[in-house]
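There are 2 protein chains.
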Amino acid sequence: MSLPSWNDGPTKSAIVDFVGHAVNLPPEDRVAVFDNDGTLWVEKPAYIQLDFLVRRLAVQAAADPTLATRQPYAAAAAGDLGWFGEAVTKHYNGDDSDLKVLAGGLLSAYQGLTVEEHAARVSAFFAEASHPTLGRPYTACGYAPMVELLRYLEANGFTCYIVSGGGRDFMRPVTTALYGIPPERVVGSSVGVTFTGGSLVTTGQPEFLNDGPVKPVRIWDRIGRRPIFAAGNSNGDIEMLQYTNGFRLLVRHDDAEREFDYTAGAEKALDLAETESWTVASIQNDWAHVFA
Amino acid sequence: MSLPSWNDGPTKSAIVDFVGHAVNLPPEDRVAVFDNDGTLWVEKPAYIQLDFLVRRLAVQAAADPTLATRQPYAAAAAGDLGWFGEAVTKHYNGDDSDLKVLAGGLLSAYQGLTVEEHAARVSAFFAEASHPTLGRPYTACGYAPMVELLRYLEANGFTCYIVSGGGRDFMRPVTTALYGIPPERVVGSSVGVTFTGGSLVTTGQPEFLNDGPVKPVRIWDRIGRRPIFAAGNSNGDIEMLQYTNGFRLLVRHDDAEREFDYTAGAEKALDLAETESWTVASIQNDWAHVFA
């Protein structure tokens, strides 16, 4: 039986109908792309990656008192996650000052590590860190219906990729265990790495911010094909969904009891879902279970 | 029977021995990377892609007389391929002036096309263009022993990628037919593309020059694993070979009769092959056939 965590209804039917037709296409054309934050795993009250980065900033502040008096280290040391949220809010209101301070801290947080050392830090974080309100480890914060959807598409000859604004090197160490998606099919944002002494070492330079119109560009670079299935949840997924020639799924976060209820950052995507006839998956109505 | 186009001898034995051990590794670790120009197909007397680009410059010069009087269009219109080779030679001697003029022309040669339109131009080129001295279509200029090696590695559970200084969007339309390597496993140089009106359109901006120390960086971005097998032929492959933790193969072009005999651009790589114990494949001695 397929998609047991999805309630019967128009959303599930639309997916099953589309896949039933898609199996007639050549296998190489059956490419599916999935956003991660808010589409495959929880993104509230803050991105999981922000927790990873703020912990690091706090460690840096504790090790170097000259850092501890300035942002973003002071906020990290004080556990003041509100400052980070506000930096983003100010950005959306046209004031980039705090966001620039934040970005500088985040970009240099893991500077100078080999990519293998960085991966080990990520794995250590996921081995112990838990969601602040859901009472479950981050590794159990993936959405069961979406993981089922990945398997369902694969069972029907699709190749699935993650295409996320989240960090490439933050996702890869856990995507195989959480989603069955291997590193070579994870596309994300990145800081630069440089080849030094036989190893790849993280720089503090931004490379890709894999969001909005950058997503189709990176899909072309990485896959070289136009997807026929895409799933997202926010305004940052709009261009990826528009680029997709086939089924477009938008996850709507409307279940305060089992997950979160919010539309901030998804307003335009939800409007487009209506005008462009994308399929909306309501967590409240369409998902029998949210988590495994 | 495996590798029939390879002569028996130490090179073939080294490959077979390595693969015999590698099959004990987890399949996901069996990653192999191959350079393209001079490793999988012919790169002399000029890169195949240069022929593609010069033809386009000549068309542009014919359509716009203001272009025809300046480089690189004048040389293209006159069929003066020597000018292009000299621009590269001057670059290696510290004079970048002509190379910059050339690069500007090449970058803008296909500006403003959708990626699908660009792919159609590439396919049209390969449908009709022939090698200037070997008397065979470019599509028959792949090295039979190397294509066999790709299949041999795959038969032993490897996943093979092309990692070339050549253009990503120049290679992808033909790599499946020539090498059995699909677009998503082709890593190359690129000009930027931008998402416009639902399509991806080529810009005139450089994006990646996938050569030298950039190759390991791009391997990490695209694959997220360190290869255990790499094949190259030139100085531009050195860092990719050094990054590879396993078998390093360097193709030596020493067969003027069946292909070409040259070391220019490979001097340092050939030296390192000796000091770092890479395996050298001599076309003259190790390949029973060069072409299919």
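Protein chains in written order, with the UniProt record's numbering: chain R, 1 to 292; chain L, 1 to 292.
Heads up, the beta-carbon is just placed ideally off N, CA and C, and yes, glycines get one too.
None of the values given here were measured: they were computed from a predicted structure.
Check, Outcome
"Near-chain R residues of the stretch 216 to 227 of chain L (beta-carbon distance less than 8 Å), N- to C-terminal order", "P216, V217, W220, D221, R222, I223, G224, R225"
"Beta carbon proximity, L/F195 to chain R, threshold 8 Å", "yes"
"Residue-level contact to chain L via CB, R/Q242, 8 Å cutoff", "yes"
"Cross-strand partners of R/I181 (DSSP beta bridge)", "DSSP lists no partner for R/I181."
"Residue span of the beta strand (DSSP E) that contains R/R226, given as start and end", "First-last for R/R226: undefined, no H or E at that position."
"Distance between L/C160 and R/A61 (C-alpha atoms, nearest Å)", "44 Å"
"Partners in chain R for L/V186, counting only beta-carbon separations shorter than 9 Å", "G224"
"Backbone CA spacing between R/E117 and L/G232 [nearest angstrom]", "28 Å"
"Per-residue DSSP class, three states only, for R/I207", "The sequence shown places Glu at residue 207 of chain R, not Ile. DSSP places R/E207 in strand when its eight states are reduced to three."
"Beta-bridge pairing of R/C160 - partner residues as DSSP gives them", "R/A32"
"Endpoints, alpha helix (DSSP H) assigned at R/V54", "48 to 63"
"contact_flag[the stretch 51 to 65 of chain R, the stretch 244 to 259 of chain R] where n(CB pairs < 8 Å) is 3 or more", "no"
"Contact list for R/L200 against chain L, beta-carbon separation under 7 Å", "P216, V217, W220"
"Coarse secondary structure for L/R136, derived from DSSP in three states", "coil"
"Endpoints, alpha helix (DSSP H) assigned at L/S282", "Here L/S282 belongs to no alpha helix (DSSP H); instead the beta strand (DSSP E) covers 279 to 282."
"Contact belief for L/A22 with L/I228 at Cβ below 8 Å, rounded distance in angstroms", "6 Å"
"Segment limits, alpha helix (DSSP H) that includes L/G192", "Careful: L/G192 lies outside any alpha helix (DSSP H), inside the beta strand (DSSP E) at 186 to 196."
"Cross-strand partners of R/C270 (DSSP beta bridge)", "As written in the sequence, residue 270 of chain R is Leu, which differs from the Cys given in the question. DSSP lists no partner for R/L270."
"The stretch 237 to 249 of chain R / the stretch 203 to 223 of chain R touching (three or more Cβ pairs under 8 Å)", "yes"
"Nearest-angstrom Cα separation, counted from R/G188 out to R/S130", "23 Å"
"Interface flag, L/E28 vs chain R, CB-CB below 8 Å", "yes"
"Endpoints, beta strand (DSSP E) assigned at R/L250", "247 to 252"
"As assigned by DSSP and simplified to three states, the class of L/D237", "helix"
"Within-8 Å CB hit, L/E276 to chain R", "no"
"Inter-stretch contact (C-beta, 8 Å, three-pair minimum) for the stretch 13 to 22 of chain R and the stretch 65 to 84 of chain R", "no"
"Proximity of L/S164 and L/N210 at Cβ, strictly below 8 Å", "yes"
"L/L106 beta carbon less than 8 Å from that of L/L67", "no"
"For L/L200, the residue or residues it bridges with in DSSP", "L/F195"
"Proximity test, Cβ basis, 8 Å: R/E86 and chain L", "no"
"Per-residue contacts from R/S190 into chain L (C-beta, under 8 Å)", "D221"
"Same chain only: Cβ atoms within 8 Å of L/F170, ignoring 5 sequence neighbours per side", "Q49, F52, V122, G188"
"Simplified DSSP assignment, three categories, for R/S5", "coil"
"Chain L residues whose Cβ lies nearer than 9 Å to that of R/V251", "Going along chain L, no residue has its Cβ under 9 Å from R/V251, so there is no contact; the nearest lies around 22 Å."
"Within 8 Å of chain L by C-beta, residues of the stretch 114 to 142 of chain R in sequence order", "V115"
"Where R/G9 falls, given that 16 or more other Cβ within 10 Å makes a residue buried", "exposed"
"Separation of R/N24 from R/Y152, as counted between CA atoms", "16 Å"
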